[in-house]
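Here my numbering is used: position 112 in the sequence shown is 564, and no number is missing along the way. Below: one structure, written as structure tokens.
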Amino acid sequence: MAKIKADRKALIRWKIYIDRAKMYVGYVQFLMIAFVLLKAYKDSFLGRLIFDHLAISIPLILIVFILLSLIVGRIDTLLGLREEELRNSSSSNPVMRDIQQNLEEIKRTLIEIKSSSRAS
Numbered sequence: 453m454a455k456i457k458a459d460r461k462a463l464i465r466w467k468i469y470i471d472r473a474k475m476y477v478g479y480v481q482f483l484m485i486a487f488v489l490l491k492a493y494k495d496s497f498l499g500r501l502i503f504d505h506l507a508i509s510i511p512l513i514l515i516v517f518i519l520l521s522l523i524v525g526r527i528d529t530l531l532g533l534r535e536e537e538l539r540n541s542s543s544s545n546p547v548m549r550d551i552q553q554n555l556e557e558i559k560r561t562l563i564e565i566k567s568s569s570r571a572s
């Protein structure tokens, strides 16, 4: 039975590694899609401008990508979407629910101790 737990932990750890890598692969995929889109417009004025000056265009595209990503991330933070997502995720997680219940119990105990020390 202990061996099954160890295997389960390894699988979970591997899944986390894959999920983390998937995020970084997503960045590369996004840039590749952008370049495929640009390639489709290669014969247009903008496409010729970009492909004729690749030494300037590629760093500029990367800078624009980073700036837009930061802006989208900032908007996400201001709207509190990530916090709400984490709150929903943790409320459906049994371990997190147990931790929350334990914290509430500790809080009630501390309030009782404070009120009893003031009364005496």
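Glycine included, each C-beta is placed from N, C-alpha and C at the ideal position. Quantities reported herein were computed from a predicted structural model and do not represent experimental measurements.
Residue i and residue j closer than 8 Å at C-beta
i    : j    : result
G499 : L512 : no
R549 : S541 : no
K494 : F482 : no
Range of the contiguous alpha helix (DSSP H) that encloses residue i
i    : result
K559 : 546-571
Chain D contact for residue i (CB, 8 Å cutoff)
i    : result
R500 : Structure shown: chain D not included; a single protein chain is present.
Of the listed residues the options, nearest to residue i (C-alpha basis)
i    : options          : result
I510 : V524, Q552, M484 : M484
Start-end ranges of the alpha helix (DSSP H) lying completely within the region 504-533, minimum 4 residues: 506-531
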